Amino acid sequence: RHCTDIICCVIFIVVILGYIALGIVAWVHGDPRKVIYPTDSYGQFCGQKDTLNENKTILFYFNILKCASPVVLINLQCPTTQLCVSKCPDRFATYIDVQASYRYKPDQWNYFRQFCKPGFNNPRKSVAQVLRDEDCPSMIIPSRPFLKRCFPDFSTKNGVLTVANQTTFKDGRGKTRNVTDLREAANGINNVLDARSVGMKIFEDYAISWYWILIGLFIAMIVSLLFLVLLRFTAGVLFWIFIFGVIGIIGYGIWHCYWEYDHLKGIPGSDLTVYDIGFQTDFRVYLQLRQTWLAFMIILCVVEVIIILMLIFLRNRIRVAIALLKEGSRAIGYIMSTLFYPIVTFILIAICISYWAVTAVFLATSGEPVYKVMANQTMCKYANLTCDPETFNTTNVTKLCPGAQCTFAFYGGESLYHKYIFIFQLANAFVFLWLVNFAIALGQCTLAGAFASYYWASRKPADIPLWPLFSSFGRAIRYHTGSLAFGALILAIVQLIRVILEYLDHKLKGTQNSFTRFLLCCLKCCFWCLEKFLKFINRNAYIMIAIYGKNFCTSAKEAFFLLMRNVVRVAVLDKVTDFLLFLGKILVAGGVGVLAFFFFTQRIPVFAQEAPTLNYYWVPLLTVIIGSYLVAHGFFSVYAMCVDTLFLCFCEDLERNDGSTAKPYFMSASLHRILGKKELSPKKA
Numbered sequence: 079r080h081c082t083d084i085i086c087c088v089i090f091i092v093v094i095l096g097y098i099a100l101g102i103v104a105w106v107h108g109d110p111r112k113v114i115y116p117t118d119s120y121g122q123f124c125g126q127k128d129t130l131n132e133n134k135t136i137l138f139y140f141n142i143l144k145c146a147s148p149v150v151l152i153n154l155q156c157p158t159t160q161l162c163v164s165k166c167p168d169r170f171a172t173y174i175d176v177q178a179s180y181r182y183k184p185d186q187w188n189y190f191r192q193f194c195k196p197g198f199n200n201p202r203k204s205v206a207q208v209l210r211d212e213d214c215p216s217m218i219i220p221s222r223p224f225l226k227r228c229f230p231d232f233s234t235k236n237g238v239l240t241v242a243n244q245t246t247f248k249d250g251r252g253k254t255r256n257v258t259d260l261r262e263a264a265n266g267i268n269n270v271l272d273a274r275s276v277g278m279k280i281f282e283d284y285a286i287s288w289y290w291i292l293i294g295l296f297i298a299m300i301v302s303l304l305f306l307v308l309l310r311f312t313a314g315v316l317f318w319i320f321i322f323g324v325i326g327i328i329g330y331g332i333w334h335c336y337w338e339y340d341h342l343k344g345i346p347g348s349d350l351t352v353y354d355i356g357f358q359t360d361f362r363v364y365l366q367l368r369q370t371w372l373a374f375m376i377i378l379c380v381v382e383v384i385i386i387l388m389l390i391f392l393r394n395r396i397r398v399a400i401a402l403l404k405e406g407s408r409a410i411g412y413i414m415s416t417l418f419y420p421i422v423t424f425i426l427i428a429i430c431i432s433y434w435a436v437t438a439v440f441l442a443t444s445g446e447p448v449y450k451v452m453a454n455q456t457m458c459k460y461a462n463l464t465c466d467p468e469t470f471n472t473t474n475v476t477k478l479c480p481g482a483q484c485t486f487a488f489y490g491g492e493s494l495y496h497k498y499i500f501i502f503q504l505a506n507a508f509v510f511l512w513l514v515n516f517a518i519a520l521g522q523c524t525l526a527g528a529f530a531s532y533y534w535a536s537r538k539p540a541d542i543p544l545w546p547l548f549s550s551f552g553r554a555i556r557y558h559t560g561s562l563a564f565g566a567l568i569l570a571i572v573q574l575i576r577v578i579l580e581y582l583d584h585k586l587k588g589t590q591n592s593f594t595r596f597l598l599c600c601l602k603c604c605f606w607c608l609e610k611f612l613k614f615i616n617r618n619a620y621i622m623i624a625i626y627g628k629n630f631c632t633s634a635k636e637a638f639f640l641l642m643r644n645v646v647r648v649a650v651l652d653k654v655t656d657f658l659l660f661l662g663k664i665l666v667a668g669g670v671g672v673l674a675f676f677f678f679t680q681r682i683p684v685f686a687q688e689a690p691t692l693n694y695y696w697v698p699l700l701t702v703i704i705g706s707y708l709v710a711h712g713f714f715s716v717y718a719m720c721v722d723t724l725f726l727c728f729c730e731d732l733e734r735n736d737g738s739t740a741k742p743y744f745m746s747a748s749l750h751r752i753l754g755k756k757e758l759s760p761k762k763a
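Take 79 as the starting number for the sequence shown in the working numbering and just add one per residue.
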């Protein structure tokens, strides 16, 4: 063996180093606190340590009525002053009332003042000026913190929306308003709060049932292993039971269609044609026609004949596919360590996802605070223009637009780095896709090398290397990093194009015309098909790389033409394998799911006392079912890779050898018997 695709290997290493550098730069410029902590109108974080807001962890909105919806609040785009406070208001009050009574009720003023701008303590200032400059809110209403922001404390009483059991409140501007004025915000907030309550209950369920979930997943692992072992003996039986079951079901369908067709004979109107009655929204009308059942019967007869003919003419290829499935089970039995390799792939992908996510967050939070003019008047020409809060009061903006403020809008910048943050995000996504595809490619090549060493062993298992999986992993890293990176690069480019198309489709959804929709749909479909094709080619190219050690392009070409020369066998093996593995996943997930259902609903008398009391029993149940399916998928993906590797080795064996003494077959005795090669027995398996 020798190193392959060295140029791509060098580029891959350089890109990884660049990716690390991008992460470092993003870490230097980014600040995830911008995501964690809410930010007030001055660009200061609420709750940040060693600042004046250290004990003020909640964001308060002066006039929540100016905010259209909770989404606006969370995105900090509400055109009102936002202030960090230590706690939310717990009572109704207006600035007018508090100012009128501050002399003989100073406690009310001291309470209200904590929701004013820091340092403001001038109750003698006229109400009009205070509200114009937004020194204090015109009103406060009972609120509670959610997402570190003060939301009105909405509730319903006898079906009526209330705030602190009141249906009306004073807006501080001389009007009495109904709490239904906040209905748009209330509906969204209450839904979110309900979701939060459900989320807390789900968390509690996980907290008291996590170890039972782990036990369920362990059972799924054991069942998956048993299923792979049993496939050696039951693959043929399961497949033929399914095939004859399908034939029987279709046969019953033919008989039923004939019975309906004969039963409608002589009934008035049943001899009409579909053309006579035209299109009907009630499809049951068509079931009253003999022509409908005749058409169903003809279609089912054609399908039945096609299946029977395929079984007759493809019977040997089906037998070969089943034999390869059994051989795959035998190979895994000899190299059991391969079943646990998906854990390595999972760890590598988890690292890639974590690094990508952290880098994306730091890139998104890079930049300095950007301030914009927030004006109450819609005709203000300075609205939404950038401003400097330190010099804003010396400008004439406040004169031309009374009540205008220079408030924090978002984080950004004008430097070269900030201008290209979007490009950096694209690069982050692209390298992430490349690394994930490389991790998958490394796993496929490693497993292929291990299973190829089993097939090409003259005497099984005596001639199998001592550590086939580790040896294959070492060869893949040492010699074929460039080839694996090349295949992963091609796939990553196509996937990035698909991501961009989805992004464009999302952005243009409201403005695109019919032609644009059609064009985008066609492009998305074409690139989806291209991705599927490339995954198929890459998978088989990695197998050839593991066997012969050639570069990616040569391996992909040889694998493609080898498969094309055996295209019928490929189709039959693919469908037989897909069916049996899908059946196995359903059996594992369904079986463990049924067991979990009876356990968590306390319907197993022996374990009734052990079962935890849950708010929602479906929480651990769905977790066990989905987790069991993923566990089964992890084990069966190894099995599928094993079968694909053995199949390519089998095709190569047939083309390179003829069963003679000089060129003996390496296939197992069972495969040799199915092919009818009687001129010379293969080497003992």
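Note that beta-carbon positions come from the ideal geometry of N, C-alpha and C, so glycine has one too. Because the structure is a prediction, the values reported are computed rather than measured.
Where the alpha helix (DSSP H) containing residue i begins and where it ends
i: T73; result: A question about residue 73 goes unanswered here, because the residues of the chain that appear run from 79 up to 763.
i: V684; result: That residue, V684, is in no alpha helix (DSSP H); it is neither H nor E in DSSP.
i: F247; result: No alpha helix (DSSP H) holds F247; the beta strand (DSSP E) holding it covers 246–248.
i: N394; result: 393–412
i: Q192; result: Looking at the DSSP string, Q192 is not in any alpha helix (DSSP H), and its letter there is neither H nor E.
i: P420; result: 419–442
i: V475; result: 475–478
Counted within 10 angstroms of its Cβ, other Cβ atoms place residue i as buried (16 or more) or exposed
i: N618; result: buried
i: W512; result: buried
i: F311; result: exposed
i: V648; result: buried
i: Y626; result: exposed
i: F678; result: buried
i: E468; result: exposed
i: Y460; result: buried
i: H80; result: exposed
i: K610; result: exposed
i: C764; result: Limits of the chain in this structure are 79 at one end and 763 at the other, which puts residue 764 out of reach.
i: H584; result: exposed
Within 8 Å, strictly: CB atoms of residue i and residue j
i: C479; j: Y449; result: no
i: L547; j: I413; result: yes
i: R395; j: V103; result: no
i: L658; j: L387; result: no
i: I410; j: Y717; result: yes
i: A517; j: T423; result: yes
i: I136; j: C124; result: yes
i: K226; j: P110; result: no
i: A686; j: Q680; result: yes
i: T245; j: V238; result: yes
i: I332; j: E382; result: yes
i: P683; j: D283; result: no
i: K195; j: L161; result: yes
i: I615; j: F638; result: yes
Cβ-based neighbour list, residue i, same chain, cut-off 7 Å, excluding 5 preceding and 5 following
i: P201; result: Q177, Y180, W187
i: V509; result: V93, Y97
i: V577; result: A507
i: S407; result: L306, V307, L309, R310
i: K762; result: The predicted position of K762 is uncertain, since its pLDDT is 42 and thus under 50; no value can be drawn from it.
i: R222; result: C166, F229, D231
Other residues of its chain near residue i: CB distance less than 8 Å, five sequence neighbours each side excluded
i: I267; result: Note on I267: pLDDT 49, under 50, position unreliable in the model; no value is reported.
i: I555; result: L520
i: N735; result: K741, P742, Y743, F744
i: G705; result: I291, G294, L295, A298
i: V352; result: Y364, L367, Q369, T370
i: F317; result: I396, I400, V654, F657, L658
i: I575; result: F605
Extent of the continuous beta strand (DSSP E) to which residue i belongs
i: F229; result: 227–230
i: T254; result: 254–256
i: S549; result: No beta strand (DSSP E) holds S549; the alpha helix (DSSP H) holding it covers 546–557.
i: Y139; result: 136–139
i: F224; result: 221–224
i: L239; result: 238–241
i: V163; result: 160–163
Close Cβ partners of residue i (< 6 Å) along its chain, the five nearest in sequence each way excluded
i: C465; result: Y449, V451, C484
i: A710; result: S302, K663, V666
i: L154; result: For L154, the predicted model reports a pLDDT of 40, less than 50, meaning its position is unreliable and no value from the coordinates is stated.
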